[in-house]
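Undergrad: Numbering (the numbering used here), first residue to last: 3 to 157. The beta-carbon is built from N, C-alpha and C at its ideal position, and this holds for glycine as well. Can you keep this structure in mind? I'll have questions shortly.
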């Protein structure tokens with residue numbers, strides 16, 4: 003029979019660490035959707051001061067698949083307002099990413115931060131292994147007719 007180990011006899015360096023499943027959600031990420039919507043996840047939004055308005059100017063790196071996000075408290079002609087839920091809209095992000103062969107929705111993992119006098123600069127690199135969950139509609143749901151179809155659509 004095997005003897006049960008006593009807790010005082012267990013050496014943690016001899017054990018195998020088991021990682022939590024939600025480890026990937028602990029990353030700071032920027033997601034760009036098919037309609038040009040930009041979503042900063044909850045972990046990334048913890049870095050911002052939500053008591054003031056945050057405006058971001060987004061730059062696409064020329065050589066690498068990455069985004070530089072310049073966040074400041076003052077609006078400018080090139081910046082977008084970041085809502086408190088982390089959402090913003092970019093006009094030409096979809097075209098630029100698709101021209102590089104990046105499949106949307108795309109997820110960028112935030113890797114570096116640099117404080118400037120004018121604001122904060124963040125570097126986010128494209129992570130092709132980290133996929134944003136897409137909603138898949140079942141065939142059964144597609145086969146059901148809609149109940150409330152406006153009369154303008156039926157004409």
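Following the continuous alpha helix (DSSP H) through residue 99, name the residue where it begins and the one where it ends.
TA: 95 to 101
Undergrad: From 81, 65 and 77, pick the residue whose C-alpha is nearest to that of residue 71; which is it?
TA: 81
Undergrad: Helix, strand or coil: how does DSSP classify residue 115 here?
TA: strand
Undergrad: Excluding the 5 residues flanking residue 39 on each side, which residues of the same chain have their C-beta closer than 7 Å to its C-beta?
TA: 89 and 91
Undergrad: How far does the alpha helix (DSSP H) with residue 44 in it reach, from first residue to last?
TA: Where residue 44 is concerned, the enclosing alpha helix (DSSP H) stretches over 44 to 47.
Undergrad: So what's residue 2 in DSSP terms, helix, strand or just coil?
TA: The structure shown does not extend to residue 2, since the chain spans only 3 to 157, so no value can be given for it.
Undergrad: Starting from residue 31, follow its DSSP beta bridges and name the residues at the other end.
TA: 111
Undergrad: If you run the structure through DSSP and keep just helix, strand and coil, what is residue 9?
TA: helix
Undergrad: So residue 58 packs on residue 84, CB below 8 Å; how close in whole Å?
TA: 5 Å
Undergrad: CA-CA distance, residue 64 and residue 73?
TA: Straight across, the Cα-Cα distance linking residue 64 with residue 73 is about 20 Å.
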